[in-house]
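In what follows, a structure is listed as structure tokens, so that the remarks can point back to it.
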Amino acid sequence: MTVCVPSSLSFVASCGSSCLNSRFRGSTVSVRGRSYGRRSTFGYASKTWLAANLSRHRVAVLPGDGIGPEIMNVTLEVLRRVGEHFHVEWEFAEALIGGAAIDATGDPLPMESLAICRSSEAVLLACVGGPKWDSLPNKQRPEAGLLRLRKDLEAFANLRPVRTFPQLLDASPLKRDLIAEVDLIIVRELTSDVYFGEPRGIEFIPEGNGEREAYNTMSYRESEIDRVAKVAFELAMSRPRQQLCSVDKANVLETSMLWRSRVDAMAAAYPQVQLSHMYVDNAAMQLVRQPKQFDVILTGNMFGDILSDEASMLAGSLGMLPSASLGNGTFPGIYEPIHGSAPDIAGQNRANPIACILSAALMLRYSLKRPDVADAIESAVSAVLDRGYRTADIMSHGMQQRGCIEMGEAIVETLRESLRAPVA
1 MTVCVPSSLS FVASCGSSCL NSRFRGSTVS VRGRSYGRRS TFGYASKTWL
51 AANLSRHRVA VLPGDGIGPE IMNVTLEVLR RVGEHFHVEW EFAEALIGGA
101 AIDATGDPLP MESLAICRSS EAVLLACVGG PKWDSLPNKQ RPEAGLLRLR
151 KDLEAFANLR PVRTFPQLLD ASPLKRDLIA EVDLIIVREL TSDVYFGEPR
201 GIEFIPEGNG EREAYNTMSY RESEIDRVAK VAFELAMSRP RQQLCSVDKA
251 NVLETSMLWR SRVDAMAAAY PQVQLSHMYV DNAAMQLVRQ PKQFDVILTG
301 NMFGDILSDE ASMLAGSLGM LPSASLGNGT FPGIYEPIHG SAPDIAGQNR
351 ANPIACILSA ALMLRYSLKR PDVADAIESA VSAVLDRGYR TADIMSHGMQ
401 QRGCIEMGEA IVETLRESLR APVA
């Protein structure tokens with residue numbers, strides 16, 4: 001899956017990798033190809049060639065909870081193997097987040113984890129959460145760690161590409177002709193809106209006979225809207241259709257009224273982009289009624305959270321969709337699959353690792369500026385699907401079901417078959 005991102009975008013995304021095996025846990029590890037001048041998986045490379053072409057990248061690795069460690073281990077192996085061919089040297093620095101961090105430190109995002117992320121070129125995160133921690137106060141739950149990470153790294157723009165694989169048209173509950181050739185990107189504002197608004201809480205009503213009241217605050221500043229809108233306009237300009245649909249609820253919400261006015265104001269600087277507006281309820285319907293009408297969708301935090309999960313059904317499964325959360329380049333970007341931690345299948349070798357693997361490809365493309373490596377990974381994923389290999393979530397009649405580990409092994413084997421060593 002190739003996502004076109006213009007070089008003129010002001011943000012800098014970062015490279016992602018995968019989770020460390022248990023023997024690496026709690027440490028910083030360098031994972032390299034074979035020694036200089038020795039045979040690697042893909043062939044020979046001389047010291048001279050490697051000295052001129054070797055690239056080194058430090059990535060913060062956050063396995064998280066549930067199926068996170070499984071899919072990250074698979075992703076790590078894919079990155080190791082592709083790195084051997086392209087002579088990429090990885091330094092994976094593991095950090096705790098979510099429930100795993102709560103169990104170890106009492107904090108869903110320890111300061112040590114944040115420091116590791118800040119000192120890396122990119123953050124690759126799997127998933128957080130689970131029923132084990134659902135009874136905790138909101139600010140102490142696993143999800144609070146993820147929200148803080150996004151806020152602290154100023155990752156305000158979340159890009160969620162949705163492209164249907166021709167091999168998986170039958171995996172979607174929607175009709176084949178409806179979803180064939182869908183290729184859209186949802187740009188979701190990530191660090192404001194009702195998820196971060198204050199005040200918020202649950203309180204007893206004075207003189208309310210014991211009745212409680214819950215409240216949240218939805219708010220946006222003009223600057224917060226402008227910066228994410230710029231990302232969406234730039235992205236739309238880079239794509240062949242050059243269409244942008246801004247989704248809001250401007251008929252009833254003041255935040256959406258301001259949102260729409262700022263998007264309209266910015267449109268003057270992008271006359272090539274065809275801008276339209278749509279209410280979020282209509283957008284939710286149109287995503288399943290006529291998804292091919294969309295090119296780039298721009299929306300707020302809560303609306304984007306809901307719409308992107310809905311859009312995952314176009315691709316057949318949440319397990320197929322990667323994401324990139326980007327800022328202005330001051331801090332590393334965050335790369336993660338859009339699915340949750342799936343605690344019901346954790347440890348059973350049933351998870352789909354593809355979204356995590358494709359998230360690593362996004363990191364290579366956006367931050368490390370290595371589209372060649374990203375292309376190799378994406379092509380290998382597509383080739384494995386061509387062979388009929390499926391995890392349980394995308395399984396259909398006549399296909400061959402594989403576990404998480406086996407799917408990763410198939411992708412690695414495809415990389416071995418398709419890549420040749422560079423000439424020294």
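Just so we're aligned: 129 in the UniProt record's numbering is position 129 of the sequence shown, and the numbers increase by one with no gaps anywhere.
We put the beta carbon where it would ideally sit given N, CA and C, even for glycine.
| Item | Value |
| --- | --- |
| Grab me the residues of L204's own chain with a C-beta within less than 6 Å of its C-beta, minus the 5 sequence neighbours each way, in chain order. | The sequence as given places Phe at residue 204; Leu does not occur at that position. Within the same chain, F204 has close Cβ partners R212. |
| If you follow the alpha helix (DSSP H) that T255 is part of, which residue opens it and which one closes it? | 254–267 |
| Given that a residue counts as buried once 16 or more other Cβ atoms are within 10 Å of its Cβ, and exposed if not, what is M285? | exposed |
| Give the DSSP bridge partners of D202, in chain order. | Sequence inspection shows Ile at residue 202; the Asp mentioned does not correspond to that position. Paired residue(s): A214. |
| Measuring straight from C-alpha to C-alpha, what distance separates T164 and A171? | 10 Å |
| Within a Cβ cutoff of 7 Å, which residues of the same chain sit near V373, ignoring the five residues on either side of it in sequence? | V82, F86, V88, L364 |
| Determine the direct distance from the alpha carbon of D183 to that of P161, and round the result to whole angstroms. | 8 Å |
| DSSP three-state call for L153: helix, strand or coil? | coil |
| Go ahead and pull the three-state DSSP assignment for D183. | strand |
| Suppose contacts are defined by Cβ-Cβ distances below 8 Å. Is S219 in contact with G201 by that definition? | no |
| Determine, using beta carbons only, whether A214 and V247 come nearer to each other than 8 Å. | no |
| CB-CB under 6 Å to L275, same chain, minus the five flanking residues each way: which ones, in chain order? | L244, A267 |
| With respect to the beta strand (DSSP E) encompassing Y366, which residues constitute its N-terminal and C-terminal limits? | Segment 354–366 is the alpha helix (DSSP H) holding Y366; no beta strand (DSSP E) there. |
| Using the rule of at least 16 other Cβ atoms within 10 Å of the residue's Cβ for burial, across every protein chain shown, is S7 buried or exposed? | Since pLDDT at S7 reaches only 37, below the 50 mark, its modelled position is unreliable, and the value read off the structure follows with that caveat. Exposed, because fewer than 16 other Cβ atoms sit within 10 Å of the Cβ of S7. |
| At which residues does the beta strand (DSSP E) containing R58 begin and terminate? | 55–64 |
| Could you check where the beta strand (DSSP E) with T299 kicks off and where it finishes? | 296–299 |
| Taking 7 Å as the cut-off, does the CB of N209 come closer than this to any heavy atom belonging to the ligand NAD? | Looking at this structure, you won't find the ligand NAD or any other ligand, since it has none at all. |
| Apart from the five residues just before and just after Y279, which ones in its own chain have a Cβ nearer than 8 Å to its Cβ? | V247, D248, K249, A250, N251 |
| Any chance the segment 332–347 sits against the segment 223–236, with 3 or more Cβ pairs inside 8 Å? | no |
| Please give the ranges of any alpha helix (DSSP H) in the segment 108–146, keeping only runs that are unbroken, at least 4 residues long and fully inside the region. | 111–118 |
| Where C117 and L125 are concerned, what is the direct C-alpha to C-alpha distance, given to the nearest angstrom? | 10 Å |
| Rounded to a whole number of angstroms, what is the C-alpha to C-alpha distance between Q400 and D386? | 11 Å |
| Could you give the distance in angstroms between the alpha-carbon of T191 and the alpha-carbon of K151? | 6 Å |
| In angstroms with no decimal places, state the Cα-to-Cα distance between G33 and F92. | In this prediction, G33 scores a pLDDT of 32, lower than 50, which makes its location untrustworthy; no coordinate-derived value is stated. |
| Check whether the Cβ atoms of I338 and L318 sit closer than 8 Å, and answer yes or no. | yes |
| Under DSSP, the alpha helix (DSSP H) around G388 begins and ends at which residues? | Segment: none, G388 is in no alpha helix (DSSP H) and carries neither H nor E. |
| Could you tell me the distance, in whole angstroms, from the CA atom of S27 to the CA atom of N138? | Low local confidence applies: a pLDDT of 33 at S27 is under 50, so the model's placement there is unreliable, and no value is given. |
| Under a three-way DSSP split, which group does V162 fall into? | strand |
| Considering only DSSP beta bridges, list what R286 is partnered with. | It is worth fixing the name first, because residue 286 is Gln in this sequence and not Arg. Per DSSP, none; premise fails for Q286. |
| Return the chain-ordered list of same chain residues with a C-beta closer than 6 Å to the C-beta of D393, the five sequence neighbours on each side being excluded. | S317, G319, N352 |
| Find out if the Cβ-Cβ distance for the pair V412, E189 is shorter than 8 Å. | no |
| With a CB to CB cut of under 6 Å and the five nearest residues on each side skipped, what residues in its chain are close to A311? | V162, L287 |
| Taking the alpha carbon of P110 as the point to measure from, which residue in I97, A122, E121, S135 has its own alpha carbon closest? | I97 |
| From P173 to R239, what distance separates their C-alpha atoms? | 28 Å |
| To the nearest angstrom, how far is the alpha carbon of G106 from that of S120? | 24 Å |
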